[in-house]
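Enquirer:
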Amino acid sequence: MTLPELPPISINAEELLLAVVLATLIYLVEWLLFSRNRRSKAQPAVRVEPQAGNEAEVAMLKAQVLALSARLEILERELVEQSARLGEAKPAAPRFGGAREEAALSPYAQATQLARQGATASELTERCGISRGEAELIVALNQPPSITS
Numbered sequence: 001m002t003l004p005e006l007p008p009i010s011i012n013a014e015e016l017l018l019a020v021v022l023a024t025l026i027y028l029v030e031w032l033l034f035s036r037n038r039r040s041k042a043q044p045a046v047r048v049e050p051q052a053g054n055e056a057e058v059a060m061l062k063a064q065v066l067a068l069s070a071r072l073e074i075l076e077r078e079l080v081e082q083s084a085r086l087g088e089a090k091p092a093a094p095r096f097g098g099a100r101e102e103a104a105l106s107p108y109a110q111a112t113q114l115a116r117q118g119a120t121a122s123e124l125t126e127r128c129g130i131s132r133g134e135a136e137l138i139v140a141l142n143q144p145p146s147i148t149s
């Protein structure tokens, strides 16, 4: 038994493109239907019924929010007032000008300044209260480069 011979099938580019587009559309429709079906099974509808006990709790929470927002407004006003006072109270003296400002520096900043002025490591440990190793490191980092010939 021999099969009858079929004529050759020829598909042009337009027909091939149409077939691909149709197959893609069918795939997308199936995917949307399956994903919607899966989502509806996975997430049952949750209904929140109003309860009598919740109304009192909601009212209490609203009152707390109002109290907190009023307190926040007061704090914001105080912050603005204090920043205005600080802006007025800033001294016009040059930076690092006096002994009072030098005392306000951190020990490491003070040690760095002293090392740049030529202080030794032992002077830094006495005046700034830092360890000997820290003082030696600060002196080494802040020494002017020596010219070696």
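In the UniProt record's numbering, the protein residues as written are 1 to 149.
Ideal Cβ placement from N, Cα and C applies to all residues, glycine included.
When you compare the CB of Met-60 with every CB in chain D, is at least one pair closer than 8 Å?
Expert: Protein chains in the displayed structure number just one, and chain D is not present.
Enquirer: Report all residues from its chain with a CB closer than 7 Å to the CB of Gly-129; omit the five preceding and five following residues, and keep chain order.
Expert: Closer than 7 Å at the Cβ level, and outside the excluded window around Gly-129, lie Pro-107.
Enquirer: May I ask which residues mark the beginning and end of the alpha helix (DSSP H) holding Gly-133?
Expert: Element bounds for Gly-133: 132 to 142.
Enquirer: Taking DSSP as the reference, what is the three-state secondary structure of residue 163?
Expert: What is shown of the chain runs 1 to 149, which leaves residue 163 out entirely.
Enquirer: Comparing C-alpha positions only, which one of Leu-86, Val-139 and Glu-88 sits nearest to Ala-111?
Expert: The shortest C-alpha separation from Ala-111 is found at Val-139.
Enquirer: Buried or exposed: which applies to Pro-94, given that a residue is buried once 16 or more other Cβ atoms fall within 10 Å of its Cβ?
Expert: The predicted position of Pro-94 is uncertain, since its pLDDT is 49 and thus under 50; a value taken from the coordinates is nonetheless stated next. When all chains shown are included, Pro-94 counts as exposed.
Enquirer: Alpha carbon to alpha carbon, how far is Glu-78 from Gly-87? Give it in angstroms, no decimals.
Expert: Gly-87 and Glu-78: Cα-Cα distance of roughly 14 Å.
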